[in-house]
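Residue numbers (the numbering used here): 8 to 128.
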């Protein structure tokens, strides 16, 4: 997937879409996978992760909305992509339609919080 294509798919959505789009426009590195899994698979995983980040006080953007969107898509096959922003340190998890024609959900997670936790500070 090309950067310009991914940027074009992140238009007119939530705050997480806008933040991810801005990170990509500033040159943030990204990865994408070719594998397909049903949306319900991701919904179960990210429902637990959303609860964990909320309980741990880790700042996120778009998490609850993304879980709802994934849950609603049921067995629709999805691909994933990721964007790593360095300043401020955020990781964006994107869920794309199987044909890569749309980003159906986007989650942003503060990575500075994780770094502080891991160092014991």
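Note that CB positions come from ideal geometry on N, CA and C, so glycine has one too.
Extent of the continuous alpha helix (DSSP H) to which residue i belongs
i: residue 77; result: 70-80
i: residue 40; result: It is not in any alpha helix (DSSP H) - residue 40 carries neither H nor E in the DSSP assignment.
i: residue 60; result: 46-63
i: residue 35; result: Note, residue 35: premise wrong, no alpha helix (DSSP H); not H, not E.
Other residues of its chain near residue i: CB distance less than 8 Å, five sequence neighbours each side excluded
i: residue 40; result: 86, 87 and 88
i: residue 71; result: 57
Residue(s) in a DSSP beta bridge with residue i
i: residue 103; result: 86 and 110
Boundaries (first-last residue) of the beta strand (DSSP E) holding residue i
i: residue 15; result: Unbroken run through residue 15 is the alpha helix (DSSP H), 10-16; no beta strand (DSSP E).
Length of the line joining the Cα atoms of residue i and residue j
i: residue 23; j: residue 113; result: 6 Å
i: residue 73; j: residue 42; result: 19 Å
i: residue 17; j: residue 105; result: 16 Å
i: residue 25; j: residue 19; result: 8 Å
i: residue 90; j: residue 97; result: 8 Å
Contact with chain D by residue i, beta-carbon distance below 8 Å
i: residue 112; result: Structure shown: chain D not included; a single protein chain is present.
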